[in-house]
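Visitor: The structure is given below, and queries will be raised subsequently.
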Amino acid sequence: MSRDHNQWTKKPDLESNQYVDPRVYTDETIFREEQEKIFDKCWLIACHESELPEPLDYRTYQHPGGHNIIILRDEDNRIHAYNNICPHRGNLLIFDAAGSIRNASPAGGPKRITCIFHAWSFDAQGNCVDIPRQKDGYQDRVKQCDYSLREFKSEVAYGGFVWVNIDDSALPLTETLNGALDPLAEMLSEPLEVFHYNRAIVDANFKMWHDTNSELYHDYLHYHNRVTGMLQPGYFDREFRTFKGGHAQVTDMLLKYDAMKGHEKQSLGWPGLGPNRWALVDLFPGITYNIRSPAMRIDTVIPLGPNKLCIEYRGLGLKSDTPEERAARIRHHNSVWGPFGRNLPEDMMGIVGQGRALANPSEAPMILHARVENNKIHDEVGMRHFYEEWGRRLGRSASNPFASEK
Ligand code: FES
Ligand SMILES: [Fe+2]
1 MSRDHNQWTK
11 KPDLESNQYV
21 DPRVYTDETI
31 FREEQEKIFD
41 KCWLIACHES
51 ELPEPLDYRT
61 YQHPGGHNII
71 ILRDEDNRIH
81 AYNNICPHRG
91 NLLIFDAAGS
101 IRNASPAGGP
111 KRITCIFHAW
121 SFDAQGNCVD
131 IPRQKDGYQD
141 RVKQCDYSLR
151 EFKSEVAYGG
161 FVWVNIDDSA
171 LPLTETLNGA
181 LDPLAEMLSE
191 PLEVFHYNRA
201 IVDANFKMWH
211 DTNSELYHDY
221 LHYHNRVTGM
231 LQPGYFDREF
241 RTFKGGHAQV
251 TDMLLKYDAM
261 KGHEKQSLGW
271 PGLGPNRWAL
281 VDLFPGITYN
291 IRSPAMRIDT
301 VIPLGPNKLC
311 IEYRGLGLKS
321 DTPEERAARI
331 RHHNSVWGPF
341 GRNLPEDMMG
351 IVGQGRALAN
361 PSEAPMILHA
371 RVENNKIHDE
381 VGMRHFYEEW
391 GRRLGRSASN
401 PFASEK
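Counted the way UniProt numbering counts, the sequence shown spans residues 1 to 406.
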């Protein structure tokens, strides 16, 4: 028998950590709180060091808290994260997605970031090095030494990724991971290189993407995963392990790629991970390390609104790859995880469908995270663990987020 509104929207008869209210995916107030209490406090991956290989190379990064950031490699090869704002009148300093300040720009000299508006300029260490007609207009009231750039905390770590935290009082990155990336230590021990970058902007909430990466019950969505994984020995032994701070790991397994027509068994492995294996770590609030030998994929989320999400995907190989090895990694990566690969578009359909269906939460059901299977592969402990941390940081329960406002 079908259900009426009250039956359809009522809370399920489950423990309160086993479902979430659909408004956690759509509510504007919750989204603003997530920006302030989660994204402005957490270590996030802005890019990879190989994306700015030479001194004075830069990339800009749209931080999920709403900040625009310049990631710049200085002449001593130190990487900095600067707020992309001119201290004069607040103009954006760098408009391009990536480039170099090695050569002079139309706005100013070489080795300088020069604001196009009134030509204030800054060196790679963030010092203000020129204020046009300084003496004439400011006399001694405005001094260059008081107008350097705002620098955020940054670290290059865990596979050469550039991590940024805009909270000056944040703990060092390692202390916030609580060992979650330790299982990948050997897999991240050699220098890596990005060979693929793709970004998708979809009408969905960032947590929908992270949920999808945090549960493997949805392997039913992927024909590829069903035949190469679910039907193979060891699949149901794969286990979730959780780490303080909302992070989770799924133990690796041996896949049978040649069980799927058109896919070849891989002879190339990954450091610390043999050929045809698959390891995965999800980090709070929205980073996934995903290694399917012979390639690695990193997902990072940039929420643009409660129901608008940019997902960045990077494919990586080893810096030491021969041309043949690199070609094999790219071929395998793209066939499974590229924008036209076997799996990625299917995952995307899952969250785009959720985004469309849940856009109006007045007729949306409670969302179940209720599978309990001894932490094995189809257990939804990864999502429950994420929402426990989410609730702690927001001071709200994901199953009853507006309780205190009633
Ligand atoms: S706003 Fe940058 S120099 Fe004026
Ligand atoms: Fe998937």
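Where a beta carbon is used, it is the ideal one built from N, C-alpha and C, also for glycine.
Output the boundary residues of the alpha helix (DSSP H) element that contains Arg326.
Guide: Segment 323-337, the alpha helix (DSSP H) holding Arg326.
Visitor: Which residues end up in the neighbourhood of ligand 1 when you take C-beta atoms closer than 7 Å to any of its heavy atoms?
Guide: Every residue passing the under-7 Å Cβ criterion appears here: Cys86, His88, Arg89, Gly90, Asn91, Cys115, Phe117, His118, Ala119, Trp120.
Visitor: Does the beta-carbon of Glu380, which I'm using as the reference point, lie nearer than 8 Å to any heavy atom of ligand 2?
Guide: False, no ligand heavy atom lies under 8 Å from that Cβ.
Visitor: Check whether the Cβ atoms of Trp270 and Ala295 sit closer than 9 Å, and answer yes or no.
Guide: Yes.
Visitor: Taking the alpha-carbon positions, what's the Phe402 to Gln7 distance?
Guide: Taking the straight line from one Cα to the other gives about 20 Å.
Visitor: Which whole runs of the beta strand (DSSP E) in the region 30-82 are 3 residues long or more, in chain order?
Guide: Counting only runs of 3 or more, we get 44-48, 57-62, 68-73.
Visitor: So, under 8 Å CB-CB, Phe161 and Lys376 are touching, yes? Tell me the CB distance rounded to an integer number of Å.
Guide: Between Lys376 and Phe161 the Cβ distance is about 30 Å, and since that is not below 8 Å, they are no contact.
Visitor: Going by Cα to Cα distance, which pick from Tyr313, Ile116, Met366 is closest to Ala398?
Guide: Comparing Cα positions, the closest option is Met366.
Visitor: Could you pull the start and end residues of the alpha helix (DSSP H) that Ala364 belongs to?
Guide: Taken as a continuous stretch (DSSP letters only), Ala364 belongs to no alpha helix (DSSP H), as it is neither H nor E.
Visitor: I'd like to confirm something about Glu51: is its beta-carbon nearer than 8 Å to some heavy atom of ligand 2, or not?
Guide: Glu51: no, Cβ never under 8 Å from ligand 2.
Visitor: The beta strand (DSSP E) spanning Gln249 covers which residue range?
Guide: Run containing Gln249: 247-254, per the beta strand (DSSP E) assignment.
Visitor: Would a C-beta distance cut-off of 9 Å place Ile101 and Ala124 closer than the cut-off?
Guide: Yes, these two residues count as a Cβ contact at 9 Å.
Visitor: Pull up the distance between the alpha-carbon of His210 and that of Gly286, whole angstroms please.
Guide: If you take the alpha carbons of His210 and Gly286, they lie about 6 Å apart.
Visitor: Taking three-plus beta-carbon pairs below 8 Å as touching, is the region 195-205 in contact with the region 273-286?
Guide: Counting Cβ pairs under 8 Å, fewer than three are found: no touch.
Visitor: Using only CA atoms, which one of Glu193, Tyr217, Gly317 lies nearest to Ser48?
Guide: First, the residue type needs correcting, since residue 48 is His and not Ser in the sequence shown. Taking only the C-alpha atoms, the option nearest His48 is Glu193.
Visitor: Does the Cβ-Cβ distance between Arg277 and Leu304 come in under 9 Å?
Guide: It is not a contact, given that the beta carbons lie outside the stated cut-off.
Visitor: Closer than 7 Å by C-beta to Ile351: which residues in its own chain qualify, once you throw out the five before and the five after it? Chain order, please.
Guide: Val202, Ala204, Met208, Trp209, Thr212, listed in sequence order.
Visitor: Specify the secondary structure class of Val352 as computed by DSSP and reduced to three states.
Guide: Here Val352 sits in helix by DSSP.
Visitor: Taking 7 Å as the limit between beta carbons, can you name the residues of its chain near Lys37, skipping five residues before and five after?
Guide: Hits under 7 Å: Arg393, Leu394.
Visitor: Compare the beta carbon distance of Trp120 and Pro106 with 9 Å and say whether it is the shorter of the two.
Guide: No.
Visitor: Starting from the Cα of Ala46, find the closest Cα among Gly109, Pro53, His63, Arg32 and give me that residue.
Guide: Among Gly109, Pro53, His63, Arg32, the Cα nearest to that of Ala46 is on His63.
Visitor: Apply the 10 Å Cβ neighbour rule to Val301 and answer buried if 16 or more other Cβ atoms are within range, or exposed otherwise.
Guide: Buried: at least 16 other Cβ atoms inside 10 Å.
Visitor: Is the Cβ-Cβ distance between His224 and Asn343 less than 9 Å?
Guide: Yes, Cβ-Cβ distance for His224 and Asn343 is below 9 Å.
Visitor: Short of 7 Å in beta carbon distance, which residues of its chain neighbour Asp57, apart from the five on each side in sequence? Order them along the chain.
Guide: Once the five neighbours on either side are set aside, the close Cβ partners of Asp57 are Arg73, Ser100.
Visitor: Between Leu44 and Val164, how many whole angstroms is the CB-CB distance? I'm expecting something under 8 Å.
Guide: That belief holds up - the Cβ atoms of Leu44 and Val164 are roughly 6 Å apart, short of 8 Å.
Visitor: Report the residue from Lys135, Glu155, Val129, Ala157 whose alpha carbon sits nearest the alpha carbon of Leu144.
Guide: A small correction: the amino acid at residue 144 is Gln; Leu does not occupy that position in the sequence shown. Nearest of Lys135, Glu155, Val129, Ala157 to Gln144, Cα basis: Val129.
Visitor: Give me the Cβ distance between Lys153 and Asp136, rounded to the nearest whole Å; I'm assuming they're in contact under 8 Å.
Guide: With a Cβ gap of about 37 Å, Lys153 and Asp136 do not count as contacting.
Visitor: With a threshold of 16 other CB atoms inside 10 Å of the CB of Thr288, please say whether the residue is buried or exposed.
Guide: Thr288 is buried by the Cβ-count criterion.
Visitor: Using a threshold of 8 Å, is the CB atom of Glu346 nearer than that to any non-hydrogen atom of ligand 2?
Guide: Checking every heavy atom of ligand 2 against the Cβ of Glu346, one is found closer than 8 Å.
Visitor: Give the C-beta separation of Asn91 and Asn68 to the nearest angstrom, bearing in mind that I take them to be a contact with Cβ-Cβ under 8 Å.
Guide: No, Asn91 and Asn68 are not in contact; Cβ-Cβ is about 11 Å, not under 8 Å.
Visitor: Leaving out five residues before and five after Arg199 in sequence, what residues of the same chain have Cβ atoms less than 8 Å from its Cβ?
Guide: These residues qualify, in order along the chain: Cys310, Ile311, Glu312, Tyr313.
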